[in-house]
Structures are given as structure tokens and as C-alpha cells.
Amino acid sequence: MNEIKIFAPATVANISCGFDVLGCCLDSIGDEMIIRKSADKGIRITKITGEILPYETKKNVAGVAALALLEKLNTELDFDFGFEIEIYKNIKPGSGIGSSAASAAGVVFAMNRLLGEPFSKLELVEFSREGERLACGSPIADNVAPALFGGFTLVKSTDPLKIIELPTLPDLYAVIIHPQIEIKTSDSRAVLPTTISLELATKQWANLGSLVHALHIENYELFSESLVDFIVEPHRSKLIPDFDKVKQESKRAGALGCGISGSGPSIFTFCKGEQTADNVSNAISEVYKKTQIPYHVYSSKINTQGVKILEL
Ligand code: ADP
């Protein structure tokens, strides 16, 4: 086996009360990538379509994640080939639905497969979070973990890295609106509070606990009640035009909950069933139609598998 084509999924991180820890994987939104073994050693990015992104290995998250895997491998084996990477980008960088994470997770998944699976999924998360270090300055795992494990994941700790795989609700859809505006990472960080009250913290961890419980007992109502963020959303939502209206209209159309995807500007909603997801798509599109801001709406089931093989 010398070549593999994969689907590298988009992900939602910072799910409401699960800021920095809770993420989930999407099914019908993602990039495609082809990874092949090459006679030349090292990592080369040979094709990128869809977006303008760096070809230089060390400046592209896919290259950086691939190098992290290779480095580990080289300490264990001396092998005499390299890898070429082609990236067919569909997820806009900076959209808040894990564009960089998809590339980082996709490449290490594919290389691992071509190498006969020497690494565990947890190790793949370790390599791909090096790509995230390039994209956002710190080796965050809350997008790459769901991209690799699928479903909902909880980053229990980052040092040592511990990921908990959570069950998903069987009929759950995510509907996401991506307003095509840029929010600077520095701005989305600057609005975060540096301290929080014990009262808010208590409410937040009660919600995160009950949300995890809801996933385990398949309780949509409890899931919905728990999708509340008392700490980050009240600050960051001010950076997203018409966030409150989107939230209100999505709830009116039957959504279980709504929040900021990643650090924005995308807004996610969760819905039970395809019909409700369609209603919510329409309702939130209507909100943005009234603005001058271009937007894109996506609807997807939760992907319980993570990165998928398209061709071997
Ligand atoms: P998102 O907000 O969708 O999660 P990120 O902020 O994670 O997107 O990543 C976007 C940043 O990473 C951009 O600065 C982009 O130029 C950089 N980047 C480097 N390589 C890639 C890649 N292969 N895919 C996407 N973004 C990349």
C-alpha cells in the first residue's frame, strides 16, 4: 500500500460549557487529502486546492504534524522513504470549525495507515497537536481529538494527554453558520475574563457534568438544558454579528442549543433529527440574509468514526 485518500472532518470545539475540553466531529463537512509514500525521504506538500496555504512543510500544519510523526518513527526505525501530501481544502481556515485540525489529524491518520498502524490514536493526537501549535500558538487538542476519535471527546488533561471518548446521541445533527468575517485570535482572547466567580464556575461545571451524563443516558432534553456557557460566550458573542438573534431563532425553530464554534466566527446549533436541522438551517439563514455579511450554512450528522478512508 503506497497511497491513501482520506476524508479529514471538520470539528466543533469549545462546545458551550466545555470550553477548551469538549469537541465533536462532523460528517459531511471536511477536506480530502491524498498521502503517498515517496522514494525521497522527508515530507513534501505537492498540491493544495481550494485555499491559499503554505507549501513549505514547516509552515503548513499538515507538514508539521507529519514531521512530528516522522521524528518519533525515526527514533524507533531507520526507514528509507518519505511522504507526499495533497490537500483538497473545503474548510475555510479561521472559520472556527477546525480547518487546521482537519489537515493535521488527516495526515497523521493516513501516514499511520500506510505504515501499518504503529501508533495509537492518542499518539496521533500528540503528533497532530504539534500542527495546532503552528496554527494557534499552543498545542491544543480539542479539535484534533474529535477529528481522530470521532463522536464527542473530552480532553481530560493535556499533560499528560488524556482523551475521553464520549457516546453521541443517535439522531443528533449539527447545523453551523459561518459568517464570512475575520475575528482576530488576539481579539477573541482579549475579551476573555482572567478570573471568574465561584458562582459561575459552579454553574458551568454542573452543566458540563450533566451534558456528559446526557450523552451517556441518551437524554436530549438534559443535553439541551446543559448546553449553556456562563463564562466565555457572554464575552465572545459580542464579536459575532447577530449572535443573539441566531440563537433565538434557532431555538424557536427547535434547536437543542446554540453556541460559538471554536473561537468563532462560526455558530453551531445541535438539533434532534434531520427535519429540525433543516428548519434550523432556514431560520438562521434568514437572520444572516438581513445583514450584508456573506455566510455559509452547513448541516451534518455527528461523525462517530473521525477521519475516513476514501480510497486505499
Ligand atoms: P479554524 O478557526 O477553522 O479552527 P484555525 O484557526 O485552526 O482554523 O487555522 C487557521 C490557521 O492555520 C491559518 O492561519 C492558516 O493559514 C494556518 N494553516 C496552516 N496550514 C493549514 C492547513 N493545512 N489548513 C488550514 N489552515 C492552515
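Heads up, my numbering is the position in the sequence shown plus 7, with the first residue counted as 1. Think of the CB as a built atom: it goes at the ideal place given N, C-alpha and C, for glycine as much as any other residue. Quantities reported herein were computed from a predicted structural model and do not represent experimental measurements.
(1) Please tell me whether, using a cut-off of 7 Å, the distance from the CB of ASN21 to the nearest non-hydrogen atom of the ligand ADP is below it.
(2) Going by the C-beta, is GLY57 closer than 7 Å to any heavy atom of the ligand ADP?
(3) State yes or no: is the C-beta of ILE188 within less than 8 Å of the C-beta of PRO61?
(4) Return yes when the C-beta of VAL68 is under 7 Å from any heavy atom of the ligand ADP, and no when it is not.
(5) According to DSSP, what are the bridge partners of GLU91?
(6) Assuming ILE184 contacts VAL304 (C-beta within less than 8 Å), just tell me the rounded distance between them.
(7) At a cut-off of 7 Å, would you count ASN81 as near the ligand ADP, judging by its Cβ distance to the nearest heavy atom?
(8) Look at the alpha carbon of GLU206 and the alpha carbon of ASP236, and state the distance between them as a whole number of angstroms.
(9) Mind checking whether ILE309 and THR175 have CB atoms under 8 Å apart?
(10) Quick one: what's ILE183 bridged to in DSSP?
(11) Rounded to the nearest angstrom, how far is the Cβ of LEU215 from that of ALA221, given a contact under 8 Å?
(12) Tell me whether the beta-carbon of SER33 lies closer than 8 Å to the beta-carbon of ALA181.
(13) Determine whether the beta carbon atoms of PHE116 and ILE52 lie at a separation below 8 Å.
(14) Since ILE42 contacts PHE88 with CB under 8 Å, what's their CB separation in whole angstroms?
(15) Thinking just about the alpha-carbon of each residue, which of ASP285, SER288, ALA290 and ILE247 is nearest to the one in GLY269?
(16) Does the beta-carbon of ALA148, which I'm using as the reference point, lie nearer than 7 Å to any heavy atom of the ligand ADP?
(17) Count the other C-beta atoms from every protein chain shown that fall within 10 angstroms of the C-beta of SER195, then say buried if there are 16 or more, exposed otherwise.
(18) Report the three-state DSSP secondary structure of LEU234 (helix, strand or coil).
(19) Which runs of the beta strand (DSSP E) at least 3 residues long sit entirely within the region 159-203? Give them in chain order.
(20) Within the present structure, is the beta-carbon of SER145 separated from the nearest heavy atom of the ligand ADP by less than 7 Å?
(21) Sort out for me which residues DSSP pairs ASP251 with in a bridge.
(22) Helix, strand or coil, according to DSSP, for ALA142 in the structure here?
(23) Rounded to whole angstroms, how far is the Cβ of GLY37 from the Cβ of ILE98, which I believe are closer than 8 Å?
(24) Of the residues ILE94, CYS31, THR64 and LYS65, which one's Cα is nearest the Cα of GLU58?
Inspection of the coordinates gives the following:
(1) Reading the sequence shown from its first residue, position 14 is the one you call residue 21. Between the ligand ADP and ASN21, a heavy atom-to-CB distance of less than 7 Å is absent.
(2) By one-based count along the sequence shown, residue 57 stands at place 50. Flag unset: Cβ of GLY57 not near the ligand ADP.
(3) For the purposes of this step, residue 188 is taken as the residue at position 181 of the sequence shown. For the purposes of this step, residue 61 is taken as the residue at position 54 of the sequence shown. In terms of Cβ geometry, ILE188 and PRO61 do not form a close pair [threshold 8 Å].
(4) The residue given as residue 68 occupies position 61 in the sequence shown. Indeed, a heavy atom of the ligand ADP lies less than 7 Å from the Cβ.
(5) Residue mapping note: residue 91 aligns to position 84 of the sequence shown, counting from 1. In the DSSP output, where bridge partners are listed per residue, GLU91 has ARG43 and ARG51.
(6) Position 177 of the sequence shown, counting from 1, holds the residue named residue 184. Position 297 of the sequence shown, counting from 1, holds the residue named residue 304. Confirmed, about 5 Å.
(7) Looking up residue 81 in the sequence shown gives position 74. Because no heavy atom of the ligand ADP lies under 7 Å away, the Cβ of ASN81 does not count as near it: no.
(8) Residue mapping note: residue 206 aligns to position 199 of the sequence shown, counting from 1. Residue mapping note: residue 236 aligns to position 229 of the sequence shown, counting from 1. So the two alpha carbons sit approximately 13 Å from each other.
(9) Within the sequence shown, numbered from 1, the residue matching residue 309 stands at position 302. Within the sequence shown, numbered from 1, the residue matching residue 175 stands at position 168. In contact: ILE309 and THR175 (Cβ atoms closer than 8 Å).
(10) Here residue 183 corresponds to residue number 176 of the sequence shown, with the count starting at 1. Bridge partners of ILE183: PHE275 and TYR305.
(11) Within the sequence shown, numbered from 1, the residue matching residue 215 stands at position 208. Within the sequence shown, numbered from 1, the residue matching residue 221 stands at position 214. In this structure LEU215 does not touch ALA221 by the C-beta definition: roughly 11 Å separates them, more than the 8 Å allowed.
(12) Numbered from 1 along the sequence shown, position 26 holds the residue referred to as residue 33. Numbered from 1 along the sequence shown, position 174 holds the residue referred to as residue 181. It should be pointed out that residue 33 corresponds to Leu in this sequence rather than to Ser. The Cβ atoms of LEU33 and ALA181 lie closer than 8 Å to each other.
(13) The sequence position of residue 116 within the sequence shown is 109, counting from 1. The sequence position of residue 52 within the sequence shown is 45, counting from 1. The Cβ atoms of PHE116 and ILE52 do not sit closer than 8 Å to each other.
(14) Within the sequence shown, numbered from 1, the residue matching residue 42 stands at position 35. Within the sequence shown, numbered from 1, the residue matching residue 88 stands at position 81. With a Cβ gap of about 12 Å, ILE42 and PHE88 do not count as contacting.
(15) Residue mapping note: residue 269 aligns to position 262 of the sequence shown, counting from 1. GLY269 has its Cα closest to that of ILE247, out of ASP285, SER288, ALA290 and ILE247.
(16) Numbered from 1 along the sequence shown, position 141 holds the residue referred to as residue 148. No, since every heavy atom of the ligand ADP falls outside the 7 Å radius drawn around the Cβ of ALA148.
(17) Against the sequence shown, residue 195 aligns to sequence position 188. Classification of SER195: buried, given that the 10 Å Cβ count is 16 or more.
(18) Here residue 234 refers to the residue found at position 227 when the sequence shown is read from its first residue. Three-state result, LEU234: coil.
(19) Every beta strand (DSSP E) of 3 residues or more that sits fully in the region 159-203 is shown, in chain order, as 159-165, 168-173 and 179-186.
(20) Here residue 145 is taken as the residue at index 138 of the sequence shown, counted from 1. Between the ligand ADP and SER145, a heavy atom-to-CB distance of less than 7 Å is absent.
(21) Sequence index remark: in the sequence shown, residue 251 carries index 244 (1-based). Note: ASP251 sits in no beta bridge, so no partner.
(22) Residue mapping note: residue 142 aligns to position 135 of the sequence shown, counting from 1. ALA142: helix per DSSP, three-state reduction.
(23) Position 30 of the sequence shown, counted from the start, is the residue given in the question as residue 37. Position 91 of the sequence shown, counted from the start, is the residue given in the question as residue 98. So it is a contact: roughly 6 Å between Cβ atoms.
(24) Walking along the sequence shown from the start, residue 58 turns up at place 51. For GLU58, the nearest C-alpha among the options comes from ILE94.
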